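Chains S and C, in that order, are what the protein sequence lines are. For the first sequence, the working numbering assigns the number 526 to the last residue and increments by one with no breaks. For the second sequence, the working numbering assigns the number 186 to the last residue and increments by one with no breaks. To start, the structure itself, in structure tokens.
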Amino acid sequence: MSTDWKSFQPLLIPKIPNLHKIDVYEKNGGYKTLKDILTSKDHTPESVTNTVKAANLRGRGGAGFNAGLKWSFMPKPDGGPRYIAANGDESEPGTFKDRQIFEYNPHQFIEGSIIAGYAMDITAVYVYIRGEYRSWINMFQKAVDDAYAKGYLGKNICNSGFDLDMYVHSGAGAYICGEESSLMESLEGKRGYPRVKPPFPAQKGLWGRPTTINNIETLANVPLIMKNGSEWYTSIGAKTHPGPVLYGISGHVNKPGVYEYPTGMLISDLINEVCGGMRGGKKVKAVIPGGSSTPPLRGDQLDGVRMDADSLREAGSMMGTAGMVIMDEDTDMVDVLWRISHFYHHESCGQCTPCRDGTGFLEKTLIKIKNGEGETRDLDLLLDLCTQIEGRTICALADAAAWPVRYTITRFREDFEKRVKKSAFALA
Amino acid sequence: MSNEQQYTFSKEELAEIEKIKAKYPDKKPPVMPVLWMAQEKFGHVEPEVQRLVAETLDLPEAHVYGVATFYTQYYKEKMGKYVLDVCTCLSCQICGGYDILHYLEEKLGIKAGETTEDGKFSIQSVECLGACGYAPMMQITNDVYCNHLTKEKVDTILDDLKKDKLPEFEQIPFPQHQNESSKS
Chain S
99 MSTDWKSFQP LLIPKIPNLH KIDVYEKNGG YKTLKDILTS KDHTPESVTN
149 TVKAANLRGR GGAGFNAGLK WSFMPKPDGG PRYIAANGDE SEPGTFKDRQ
199 IFEYNPHQFI EGSIIAGYAM DITAVYVYIR GEYRSWINMF QKAVDDAYAK
249 GYLGKNICNS GFDLDMYVHS GAGAYICGEE SSLMESLEGK RGYPRVKPPF
299 PAQKGLWGRP TTINNIETLA NVPLIMKNGS EWYTSIGAKT HPGPVLYGIS
349 GHVNKPGVYE YPTGMLISDL INEVCGGMRG GKKVKAVIPG GSSTPPLRGD
399 QLDGVRMDAD SLREAGSMMG TAGMVIMDED TDMVDVLWRI SHFYHHESCG
449 QCTPCRDGTG FLEKTLIKIK NGEGETRDLD LLLDLCTQIE GRTICALADA
499 AAWPVRYTIT RFREDFEKRV KKSAFALA
Chain C
3 MSNEQQYTFS KEELAEIEKI KAKYPDKKPP VMPVLWMAQE KFGHVEPEVQ
53 RLVAETLDLP EAHVYGVATF YTQYYKEKMG KYVLDVCTCL SCQICGGYDI
103 LHYLEEKLGI KAGETTEDGK FSIQSVECLG ACGYAPMMQI TNDVYCNHLT
153 KEKVDTILDD LKKDKLPEFE QIPFPQHQNE SSKS
């Protein structure tokens, strides 16, 4: 269903001055949904999970998995502690959306977390925020303190007998900690090494107990769904990937920034209408739709491509975090790809050989090409390396490093051909 | 320089550490927050400071070392008073991040990864800081973000820092809130 995006009013970051203050949030109906759920007999943990599942709220952290379905993987309560780890690590290049929630509407996220906590019988929510976001960690801590003071967190929330704690945990600079099992390792006070799955977090997560990891924006959607129902929610945006979404748009557009619109927006509308077109009236050369790991699309192949999982899959990419990087015709894709590869090489945790050595090999080869010392066969070597890397490691960082290499070379081969020497003895 | 500095936590800080411990069901998790506290106080987490953290939390020094060296924001050696972390990743790269980095290097006479002789400034070229729409940008000593950098803006920031004046937090308005108010 195509909602008219021009009349869309933001729901995750609504236009209400000072909404980050708890009094203002309450005055605008905040925490009312939570109270209804906790105190009315119409709601049970199962009914909440089912409503979120029916709303097809797809995770906003990158993988796009149905959040309600994820919640339903949690085993039956056994009286022991159970956790939510809320993922605010937000380190994928091109992504800067969750911090808007901490800054402008933290209580909607807190309310969503408490509702999720009720649905899964959670003991404590650990909110993991990247260490670089010091300013936003402080802002968010204040919001948590206020929620405790008003009785929305802690013991006997809204006199319902339900207890839930929320703790803020600061990262310290490691992209890998956005990977859910690495995030748990980091929360447990260790080096952020991803874990082998299974066991999955729902079976054995934080401190060996059942745990669900959700993205910040995902949880901020929960109060909307519980207030307005799953049918209302699925009527927003793309049919198979519904809801509002924060598009973080950067690069060569006139008005970069984070914008909230329904899913399924045409990429061309986002560039031309929302962001006021390209800087200097230039042509679009490439669009990375959802953070640096998602394959770039060519500017001349954007017709009709929409920002939702299905449309982007058809176009040969992914929704990722909806952190879009727009590049104009003057952009050198060799330089861009080298910088992306440098990032993944730097951030590889080093556990798996294909990733630890592979990302270094990718970067080294790209430096060679960038410096004009590469040969045609190096391009094929890079593609072959990607095949050697993909799917052979504990976590998806290696895939995230390989995909941009594979698709930048295949889709922008002319940029690379220009920079390399013909191999001396090319195959006939 | 061999004047061994004695690193200790005050009574108040130890009380704060007890509060941190209460947030977690296990002994290890306070490592990261306590390393942060230590870095805030001492300006770095050199091995001596790591030892203090290990002793305070009753953990093996090797564990604390392992954690401190995994995360880039912990300074494993002394840094300048102001560490200028210039983002050069993807969106910043294509919007002039390297120009800002090179301008800073030229102005301060040091390269990324180095510290000025007076110990006032260090420069680092860092990975994505999550301010992609406000590129180019930098972060000062793990704290405030400086967005939409130009050479002029860098000049002002450096002049202020020389007088120990840190830039203030810049709130970047949510564009959809702005557009509508300008229409009406």
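Think of the CB as a built atom: it goes at the ideal place given N, C-alpha and C, for glycine as much as any other residue. Bear in mind the structure is a predicted one, so any value in this text is a computation, not a measurement.
Asked                                                                                                                                                                         : Found
Going by other Cβ atoms of all chains shown within 10 Å of its Cβ, with 16 needed for buried, is A64 (chain C) buried or exposed?                                             : exposed
What separation, rounded to the nearest whole angstrom, lies between the Cα atoms of H118 (chain S) and H205 (chain S)?                                                       : 7 Å
Can you check the stretch 450 to 475 of chain S for any alpha helix (DSSP H) of at least 4 residues that lies completely inside it and give the ranges in chain order?        : 451 to 468
Do you know how far the Cα of A165 (chain S) is from the Cα of I311 (chain S)?                                                                                                : 10 Å
So, with DSSP's three-state summary, where would you put C134 (chain C)?                                                                                                      : helix
Between the C-alpha atoms of N257 (chain S) and Q8 (chain C), what's the straight-line distance to the nearest angstrom?                                                      : 50 Å
Pick out the complete beta strand (DSSP E) segments inside the stretch 186 to 237 of chain S, 3 residues or longer, and give them in chain order.                             : 222 to 227
Compare the C-beta of W103 (chain S) against all C-beta atoms of chain C and say whether one is closer than 9 Å.                                                              : no
Indicate the three-state DSSP secondary structure (helix, strand or coil) for K80 (chain C) in the structure shown.                                                           : coil
Excluding the 5 residues flanking T147 (chain S) on each side, which residues of the same chain have their C-beta closer than 6 Å to its C-beta?                              : G166, W169, S170, A217
Does DSSP put V294 (chain S) in a helix, a strand or coil?                                                                                                                    : coil
Quick one: using the 10 Å Cβ neighbour count with 16 as the cut-off for buried, is K139 (chain S) buried or exposed?                                                          : exposed
Out of S:I314, S:G159, S:G306, state which residue places its alpha-carbon closest to the alpha-carbon of E52 (chain S).                                                      : The structure shown does not extend to residue 52 (chain S), since chain S is modelled only from 99 to 526, so the question has no answer here.
Count Cβ pairs between the stretch 488 to 499 of chain S and the stretch 400 to 407 of chain S that sit closer than 8 Å; are there 3 or more?                                 : no
Taking D263 (chain S) as part of the beta strand (DSSP E), name the residues at either end of that continuous run.                                                            : 260 to 268
Suppose contacts are defined by Cβ-Cβ distances below 9 Å. Is T463 (chain S) in contact with L479 (chain S) by that definition?                                               : yes
Sort S:I255, S:S284, S:N254 by Cα distance to H267 (chain S) and report the nearest one.                                                                                      : S:S284
Among residues of its own chain, excluding the 5 on either side of S186 (chain C), which ones have a beta-carbon nearer than 7 Å to its beta-carbon?                          : In this predicted model, S186 (chain C) has a pLDDT of only 34, less than 50, meaning its place in the structure is not dependable enough to derive any value.
Can you tell me whether DSSP reads N326 (chain S) as helix, strand or coil?                                                                                                   : helix
In three-state terms, what does DSSP make of R156 (chain S)?                                                                                                                  : strand
Return the chain-ordered list of same chain residues with a C-beta closer than 7 Å to the C-beta of K133 (chain S), the five sequence neighbours on each side being excluded. : C256
Would you list, in chain order, the members of the stretch 221 to 252 of chain S that have their beta-carbon closer than 8 Å to a beta-carbon of chain C?                     : R228, G229, E230, Y231, R232, S233
Any beta-carbon of chain S closer than 9 Å to the one on H203 (chain C)?                                                                                                      : Here chain C comprises residues numbered 3 to 186, so residue 203 (chain C) is not present and cannot be evaluated.
Quickly, what does DSSP pair G335 (chain S) with across the bridge? List them, please.                                                                                        : S:P340
Would you tell me roughly how many angstroms separate the C-alpha atoms of T485 (chain S) and S439 (chain S), rounded to the nearest one?                                     : 15 Å
Helix, strand or coil for P321 (chain S)? Go by DSSP, reduced to three states.                                                                                                : helix
Kindly say whether A165 (chain S), judged by its beta-carbon, lies nearer than 9 Å to any beta-carbon of chain C.                                                             : no
Does DSSP put L106 (chain C) in a helix, in a strand, or in coil?                                                                                                             : helix
Please compile the residues from chain C whose C-beta is within a distance smaller than 7 Å of the C-beta of L285 (chain S).                                                  : P31
What is the rounded straight-line gap between the Cα of P115 (chain S) and the Cα of K153 (chain C)?                                                                          : 33 Å
Going along chain S in order, which residues have a C-beta closer than 8 Å to the C-beta of T74 (chain C)?                                                                    : A270, G271, A272
Would you list, in chain order, the members of the stretch 484 to 505 of chain S that have their beta-carbon closer than 8 Å to a beta-carbon of chain C?                     : none
Helix, strand or coil, according to DSSP, for L86 (chain C) in the structure here?                                                                                            : strand
Can you say whether T332 (chain S) is buried or exposed, counting buried as having 16 or more other CB atoms within 10 angstroms of its CB?                                   : buried
Got a sec: which bits of the stretch 57 to 74 of chain C sit with their beta carbon under 7 Å from any beta carbon on chain S, in order along the chain?                      : G68, V69, F72, Y73, T74
Any idea what DSSP makes of D28 (chain C), helix, strand or coil?                                                                                                             : coil
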